[in-house]
Every structure is written in C-alpha cells, then in structure tokens.
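Notes follow once the structure below has been shown.
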Amino acid sequence: MRQTIYLKKGCIKVSKKELVHELYEICKGIGIDEADDLVIQAESMEEKGFIRILTDYVLQQRQKKVVAEKRF
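Residue 570 is where the sequence shown starts when you use our numbering, and the numbers rise one by one after that.
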C-alpha cells in the first residue's frame, strides 16, 4: 500500500518498501568523509546514532568485499 510521505521539501507517495530500498541505495554511495559530515549535521543524538549505524554497515560491507578480493 502506498502512503504519502511528508518530507521537509514536499510530499511524495511511495510504499515503505520503496522508501527503504531508496534509502539503502543512497547509503551505498556514501563515503567516509560524507558520513562524518552527515553525523555532524544530524539534528539529535538519536539521528546521529542512526546515521552512524547505517554508514558503518555500508563501510563494513565494502571492507568485506576488499578482503574477499584480497585487495588489501
């Protein structure tokens, strides 16, 4: 079921599944420096923790890939 998602810049109608997938795709493209900037700019400690968990996961996956490919 699609629902209206209200963002600071407007609203869109997407399912939660689509929204979570889009968040996943966005997070895959975040680099270390950008992750640190996002944490610094977070509006609360809870948001900082959430961002750190997401970006740590993405970086861990990249690290696993590098190790598996023996590129270290």
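C-beta: ideal position from N, C-alpha, C; glycine also.
Inside the region 571-641 only - alpha helix (DSSP H) runs reaching at least 4 residues: Counting only unbroken stretches of 4 or more residues, the alpha helix (DSSP H) elements lying wholly within the region 571-641 are 585-597, 601-610 and 614-637, in sequence order.
Contact the region 613-628 vs the region 581-589: 3+ CB pairs below 8 Å: Pairwise C-beta distances place the region 613-628 out of contact with the region 581-589, as fewer than three of them are shorter than 8 Å.
Reference residue 626, options 590, 589 and 596, closest by Cα: For residue 626, the closest C-alpha among the options 590, 589 and 596 is that of 596.
Straight-line gap, residue 605 to residue 599 (C-alpha atoms, nearest Å): Their Cα atoms are separated by approximately 10 Å.
Length of the line joining the Cα atoms of residue 623 and residue 613: Roughly 16 Å separates the two Cα atoms.
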